[in-house]
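Novice: Below you'll find the structure I mean.
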Amino acid sequence: MLKAEGLSVHHATGWRIRDINLELRSGEVLGVIGPNGAGKSTLFGALCGDIHPTSGNTFLGAKPLTAWPPAIRALHLAVLPQASTLSFAFTVRQVIRFGRLPHATGIKADTQIVDTVLDLCDLTELSQRSYTTLSGGERQRTHLARILAQLWPATSNKVLLLDEPTSALDPHHQHSVLKVVRQMADQGLAVAVVLHDMNLAARYCDRLLMLKHGQVEGLGSPADVLRPERLKAVFDLDVLIQEHPVHRHPLVIYL
Amino acid sequence: MSRRVSPKLLLTSLISLTLLCVWLSLALGPLRLPLGETLRALAHLSGLPVAANDQALLVVGQIRLPRTLMGLMVGAVLALTGVAMQGLFRNPLADPGLIGVSSGAALGAALAIVGAEYFFALPIGLQPYLLSLFAFMGGLIITAMVYRLGCREGQAHVATMLLAGIALTAMAGAAIGLLTYLADDTTLRLLTSWNLGSLNGASYARLWPLLGIGLAVALWLPRRADALNTLLLGESEARHLGIDVERLKGELILCTALGVGAAVAAAGLIGFVGLVVPHLLRLLVGPDHRMLLPSALFGGASLLLLADIIARLLLAPAELPIGIVTAFIGAPFFLFLLLRRSV
Chain R
1 MLKAEGLSVH HATGWRIRDI NLELRSGEVL GVIGPNGAGK STLFGALCGD IHPTSGNTFL
61 GAKPLTAWPP AIRALHLAVL PQASTLSFAF TVRQVIRFGR LPHATGIKAD TQIVDTVLDL
121 CDLTELSQRS YTTLSGGERQ RTHLARILAQ LWPATSNKVL LLDEPTSALD PHHQHSVLKV
181 VRQMADQGLA VAVVLHDMNL AARYCDRLLM LKHGQVEGLG SPADVLRPER LKAVFDLDVL
241 IQEHPVHRHP LVIYL
Chain F
1 MSRRVSPKLL LTSLISLTLL CVWLSLALGP LRLPLGETLR ALAHLSGLPV AANDQALLVV
61 GQIRLPRTLM GLMVGAVLAL TGVAMQGLFR NPLADPGLIG VSSGAALGAA LAIVGAEYFF
121 ALPIGLQPYL LSLFAFMGGL IITAMVYRLG CREGQAHVAT MLLAGIALTA MAGAAIGLLT
181 YLADDTTLRL LTSWNLGSLN GASYARLWPL LGIGLAVALW LPRRADALNT LLLGESEARH
241 LGIDVERLKG ELILCTALGV GAAVAAAGLI GFVGLVVPHL LRLLVGPDHR MLLPSALFGG
301 ASLLLLADII ARLLLAPAEL PIGIVTAFIG APFFLFLLLR RSV
């Protein structure tokens, strides 16, 4: 659904990402992992059109990303940035409602969708609270709910890009949020998500993309990508990889 | 939980307040007209078959109606563009003057006031129009420069624009200083009173251009309320919600340059309205532009009319510059709201 062909971004200090080829398929969750500065956010920026690639192209569906009129593109592609600054006192419900702006589904349907995502992101009780009074994790969930409302209902022609959606969340919400994302992918959505926690990535992602110095170090199933020697080379980490006793995905044990 | 006023109630009150201010502004002044007589004169002037006395007709029709309408438009435009700039800069402390339009207009006006004597041999009767035209053009030119300086690779960088606005404002200030230095006593006085703003020179000839531009801005900006809301999330976020952000920024800047340019050209520099009215209303109705823009329109209009009434009455028959009054009314009220809110 979203395809990168030879994507490269050059900046004053060098190549941020170099020659990245990637196809994000409908119905899959692709986890993007890599050390700080590996180019994960740059890749996302180039994938969603925020950054103009120095060379290469991004395709959304059959058309280049840039060929989509903004209002139509917003129906098919939603992005959760790493950090959002909103210093105006909108209520949580108002912020999430913004996600419905690209649509013309009417107040009734929109309200229903907002109620649904409020519930999914565990925000129902906060719906009338002012955004500026929320904690970091609550803000992150509010933006996630806004993005989910934008792509609601999940269908196979839509793409969700999440840049570190769990960075401010407590363990309970890390899992509940990724479960929602997983569900939406099972309904057909194509999802790419930057994660730092490799065990979360292994559990919820179909494939992993590992980046180092802006280049692909590994792309494949979690079991293929999460290898001790590779984690040593990329993250300088000594790890043991075992099978998760319940969920059967690879489990990274830090030594 | 916020203690906000119901939007409908606030808007209804603001509209009523504006109408009341219009009525008072038509009736009050050095010559006080009975309120009923004022209404009759207004009805007669709008073509209704109502008899009115000649004096009231003359005062309302020739002097106070253009002045009142001008005050209405100046207040509305300053408050609306204040909202637009606070949205553009995503900062509730932004002011329409940030993009250089006020300082540009002030420079244009100073050139017209001081330069008229040096360079132009225009008859004295034409000078007010020369002043308005120079002020309007000055505002547009400086804003266009700020916008150009802020543009990189087809994108307007708001932070760069802010800094360019500061630099150009400083340069315009220096040029105004130079002109002030060159001015003689009479022109100096004219310059000072213009810098403090006044609706004193109101006339239909000055009203029409302002009315046209003001109405265009007042009709256009509310159409962009949803887009302005998304802009508060960030430019990239707004883009991902389907907004053509570059176009939106261009529209906001154009509306502000035209609106503030026309307002300043008509009434001089009136500070404070564009900063405080939006801020104050945001405390009352919240940041949603769908409510904020209409509220600001009426809030700005009533504040300016109220200030003008006070400016006329306080030292009657002399007049205070209105900029002094707007600051004296608005600043304490603003402080009161800030303090009440923080407890």
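Line by line, the protein sequences give chains R and F.
My numbering numbers the first residue of the first sequence as 1 and each following residue consecutively.
My numbering numbers the first residue of the second sequence as 1 and each following residue consecutively.
Here a beta-carbon is modelled for each residue, glycine too, at the ideal position from N, C-alpha and C.
Note that this is a predicted model, so its numbers are computed, not measured.
Under 8 Å between C-beta atoms, does R/F98 make it to chain A?
Specialist: Absent from the structure: chain A. Protein chains present are R and F.
Novice: I want to see whether chain F comes within less than 8 Å of R/S8, judged by CB atoms only; does it?
Specialist: Not closer than 8 Å to any Cβ of chain F, the Cβ of R/S8 fails to qualify, so no.
Novice: Taking buried to mean at least 16 other C-beta atoms within 10 Å of its own C-beta, is F/R340 buried or exposed?
Specialist: Flag for F/R340 reads exposed.
Novice: Are the C-beta atoms of F/M1 and some chain R residue less than 8 Å apart?
Specialist: Confidence at F/M1 is low in this model, with a pLDDT of 39, below 50, so its placement is unreliable and no value can be given for it.
Novice: Decide yes or no for the touch test of the stretch 9 to 17 of chain F against the stretch 59 to 75 of chain F: beta carbon pairs closer than 8 Å, at least 3 of them.
Specialist: Not touching, per the Cβ criterion.
Novice: Which ranges does the alpha helix (DSSP H) cover as unbroken runs of at least 4 residues, wholly within the stretch 87 to 148 of chain R, from first to last along the chain?
Specialist: Complete alpha helix (DSSP H) runs here, min 4: 92 to 97 and 106 to 120.
Novice: Is the shortest distance between the beta-carbon of R/A12 and the beta-carbons of chain F less than 8 Å?
Specialist: Closer than 8 Å: no.
Novice: Beta-carbon of R/C205 versus every beta-carbon of chain F: anything under 8 Å?
Specialist: R/C205 does not count as touching chain F.
Novice: Below 8 Å between beta carbons is the criterion; list the residues of the stretch 240 to 251 of chain F that meet it against any residue of chain R, in chain order.
Specialist: Against chain R - using a Cβ distance shorter than 8 Å - the residues of the stretch 240 to 251 of chain F are H240, L241, G242, I243 and D244.
Novice: If you reduce the DSSP assignment to three classes, tell me which class F/L233 lands in.
Specialist: Coil.
Novice: In whole angstroms, give me the CA-to-CA distance for R/V95 and F/V285.
Specialist: The alpha-carbon atoms of R/V95 and F/V285 are separated by roughly 16 Å.
Novice: At 4 residues or longer, and completely inside the stretch 85 to 166 of chain F: list those alpha helix (DSSP H) runs for me, N to C.
Specialist: For the stretch 85 to 166 of chain F, whole alpha helix (DSSP H) runs of length 4 or above, ordered along the chain, are 101 to 118 and 127 to 150.
Novice: Among the residues of its own chain, which have a CB less than 7 Å from the CB of F/V146, if the five just before and after it don't count?
Specialist: So the qualifying residues of the chain are I99, G100, M161, A164, G165 and L168.
Novice: Taking Cβ-Cβ distances shorter than 7 Å, what residues in chain R pair up with F/R290?
Specialist: Residues of chain R passing the Cβ test: none, with the nearest at roughly 10 Å.
Novice: In the DSSP output, what is R/F59 paired with across the bridge?
Specialist: DSSP output for R/F59 lists R/K3 and R/P64 as bridge partner(s).
Novice: Take F/V343 and list the residues in its own chain whose beta-carbon comes closer than 7 Å to its own, dropping the five residues that flank it on each side.
Specialist: Confidence is the limiting factor: at F/V343 the pLDDT is only 41, short of 50, which leaves the residue's position unreliable and the question unanswerable from this model.
Novice: For chain R, check one thing: does any of its Cβ atoms lie closer than 8 Å to the Cβ of F/D226?
Specialist: Closer than 8 Å to some Cβ of chain R, the Cβ of F/D226 qualifies, so yes.
Novice: How should F/I324 be labelled, buried or exposed, when 16 other C-beta atoms within 10 angstroms of its C-beta is the threshold for buried?
Specialist: Buried.
Novice: With a cut-off of 8 Å, does the C-beta of F/V343 fall near any C-beta of chain R?
Specialist: With a pLDDT of 41 at F/V343, under the threshold of 50, the modelled position of this residue cannot be trusted, and the question is left open.
Novice: Which residues in the same chain as F/M1 place their Cβ atom closer than 6 Å to its Cβ, once the five residues preceding and following it in sequence are excluded?
Specialist: With a pLDDT of only 39 at F/M1, under 50, the local geometry of the prediction cannot be trusted, and no value is derived from it.
Novice: Along the stretch 59 to 92 of chain R, what residues have a CB closer than 8 Å to any CB found in chain F?
Specialist: For the stretch 59 to 92 of chain R, which is checked against every Cβ of chain F, the residues closer than 8 Å are P70, A71, I72, R73, A74, L75, L77, A78, V79, P81, S84, T85, L86, S87, F88, A89, F90 and T91.
Novice: Name, in chain order, the residues that DSSP records as bridge partners for R/A192.
Specialist: R/L30 and R/L161.
Novice: Can you tell me whether DSSP reads F/S193 as helix, strand or coil?
Specialist: Correct three-state label for F/S193: helix.
Novice: Any idea if F/P287 is buried or exposed, counting beta-carbon neighbours within 10 angstroms, 16 or more meaning buried?
Specialist: It is buried - the Cβ of F/P287 has at least 16 other Cβ atoms within 10 Å.
Novice: When the Cα atoms are used, what is the spatial distance from F/Q86 to F/A257?
Specialist: Distance between the alpha carbons of F/Q86 and F/A257 is about 14 Å.
Novice: Flag R/C121 as yes if its beta-carbon sits less than 8 Å from any beta-carbon of chain F, otherwise no.
Specialist: No - not a single Cβ of chain F is within 8 Å of the one on R/C121.
Novice: Please return the same chain residues whose Cβ sits closer than 6 Å to the Cβ of R/L237, not counting the five positions on each side in sequence.
Specialist: Closer than 6 Å at the Cβ level, and outside the excluded window around R/L237, lie L231.
Novice: Let's test the definition: count the other Cβ atoms within 10 Å of the Cβ of F/G150 and tell me whether it reaches 16, buried, or not, exposed.
Specialist: It counts as buried.
Novice: What does the Cβ neighbour count give for R/I107, buried or exposed, with the cut at 16 atoms within 10 Å?
Specialist: Flag for R/I107 reads exposed.
Novice: On a Cα-Cα basis, can you pick out the residue from F/S103, F/R224 and F/I176 that is closest to F/R264?
Specialist: The sequence given here has Val at residue 264 of chain F, not Arg. Residue F/S103 is the option with its Cα nearest to F/V264.
Novice: Please classify F/T208 as buried or exposed, where buried requires at least 16 other C-beta atoms within 10 Å of its C-beta.
Specialist: Per the sequence shown, the amino acid found at residue 208 of chain F is Trp instead of Thr. Classification for F/W208: exposed.
Novice: Tell me, please, whether the CB atom of R/P165 is closer than 8 Å to any CB atom in chain F?
Specialist: False, the Cβ-Cβ gap to chain F never drops below 8 Å.
Novice: Can you tell me whether DSSP reads R/N199 as helix, strand or coil?
Specialist: In the structure shown, R/N199 sits in a helix (DSSP, three-state: H, G or I).
Novice: Do you know offhand how far R/R248's Cα is from R/V114's?
Specialist: Cα to Cα, R/R248 sits roughly 35 Å from R/V114.
Novice: Closer than 9 Å by beta-carbon distance: list the chain R residues that pair up with F/T160, in chain order.
Specialist: Those do not exist, as F/T160 stays about 17 Å from chain R at its closest Cβ, beyond 9 Å.
Novice: Classify R/K179: buried if its beta carbon has 16 or more other beta carbons within 10 angstroms, exposed otherwise.
Specialist: With fewer than 16 Cβ atoms within 10 Å of its Cβ, R/K179 is classed as exposed.
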